[in-house]
Amino acid sequence: TSLAPNAMFLVIVLALALACSSEASTFRAKPGQFGDRIVGGQPVKITEYPYQVSLQRNLRHFCGGSVLNEHWILTAAHCTKSIANASTLKIRAGSTNVRDGGVLVTVRDIYFHPKENSWNDYDFSLLQLAGPLQLGKAIQPVALPAPETSFEDGTLCRVSGWGNTKNASESSLDLRAATVPLYNQDRCSKVYAGYGGVRGSMICAGFEEGGKDSCQGDSGGPLVCDGILVGVVSWGRGCAEAGYPGVYGRVTSAVDWIVETMNEVVLDGRV
């Protein structure tokens, strides 16, 4: 089984119709691919999730991200690791449709968490935009948690992104979202013991019975609980498999680095 970091699509799949077998790869479709699983989701409008953005190369969506302010986007490190030239990357903000509307803004620079590694520890990267976003009804920053914030198991959260709807040839152009509960950390680490376990920089969410999850194509996207950015879509086994929750980058583990990086760039006059 390949352990290369892969991107994810938001999925809501019936357990009887899962396209992901028990032998599915732990990590998901490579950044840049647009997914090929039977998935679905609840259609939503960007004004309900105004912090959600699409990462695009050559006008092609490959990952999600979250607006932190008019100059910065948070996404997953594995989404941007292979990008040698930041200016080839754009973000689309303010649009329900992933291919049209809103604004396209070029990325100026990419900053990786210093502890990020191939095991998806600290799977975070910050995108500095070449020009500021115009904040409004369809583009708004998401709140960051304080570093010491803890979240109770079972807390219902929302994960959003662009995913397939019915079959491999019918990809969703419009934003979708699902509700998933936070999953006990110790239990999640035991579930994934054969894959290196779940580290302190990670948090899990999903139903024990499966059926709803984040999956191929939207790594880097937001997991939001009570209006706070709790996770960044990172990895997991298969697609919404029973007993295998999705694994997200734990934002509290990186929030000091996020704030320090943004402040340092401002102080250096690079904004």
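Heads up, this note's numbering is the position in the sequence shown plus 2, with the first residue counted as 1.
Every residue gets a Cβ at the ideal spot worked out from N, C-alpha and C, and that includes glycine.
Here the structure is a predicted model, which means the values were calculated and not measured.
- Taking 8 Å as the cut-off, the beta carbon of L76 is found closer than this to the beta carbon of S68.
- If you check the CB distance, I93 and S56 come in under 8 Å.
- By the beta-carbon neighbour count (other beta carbons within 10 angstroms, threshold 16), E118 is buried.
- Counting C-beta atoms within 10 angstroms of its own C-beta, V100 has 16 or more neighbours from the protein chains shown and is therefore classed as buried.
- N71 has its alpha-carbon roughly 11 Å from the corresponding atom of L146.
- As the crow flies, the alpha-carbon of D102 is around 18 Å from that of E50.
- The shortest C-alpha to C-alpha distance from A256 to any of E266, G233, K83 is the one to G233.
- In the structure shown, K117 adopts coil according to DSSP, grouped into three states.
- When rounded, the separation of the alpha-carbon atoms in N186 and C227 is 15 Å.
- Straight-line measurement puts the Cα of L231 at about 13 Å from the Cα of Q142.
- Judged by DSSP in its simplified three-state form, K83 adopts coil rather than helix or strand.
- In this structure, the CA atom of G223 is about 23 Å from the CA atom of G198.
- For N99, the beta-bridge partners assigned by DSSP are D176.
- Residue pairing from DSSP places N71 in a beta bridge opposite W74.
- Between L131 and V107, the beta carbon gap of about 5 Å places them in contact (Cβ cut-off 8 Å).
- If you draw a straight line from the Cα of F114 to the Cα of G271, it is about 19 Å long.
- For the pair L225 and Y246, the CB atoms are not nearer than the 8 Å cut-off.
- With 16 or more other Cβ atoms inside 10 Å of its own Cβ, P52 counts as buried.
- Around P149, the same chain offers T254, V257, D258 as residues with beta carbons nearer than 6 Å, after the five sequence neighbours per side are excluded.
- When the alpha-carbon of W237 is set against those of R59, Y124, I112, the nearest one is in Y124.
- Between the C-alpha atoms of I205 and T157 there is a straight-line separation of about 12 Å.
- Comparing alpha carbon positions, the residue from R189, G138, P134 closest to D155 is R189.
- In the DSSP annotation of this structure, Q54 is not part of any alpha helix (DSSP H); the continuous beta strand (DSSP E) holding it starts and ends at 54-59.
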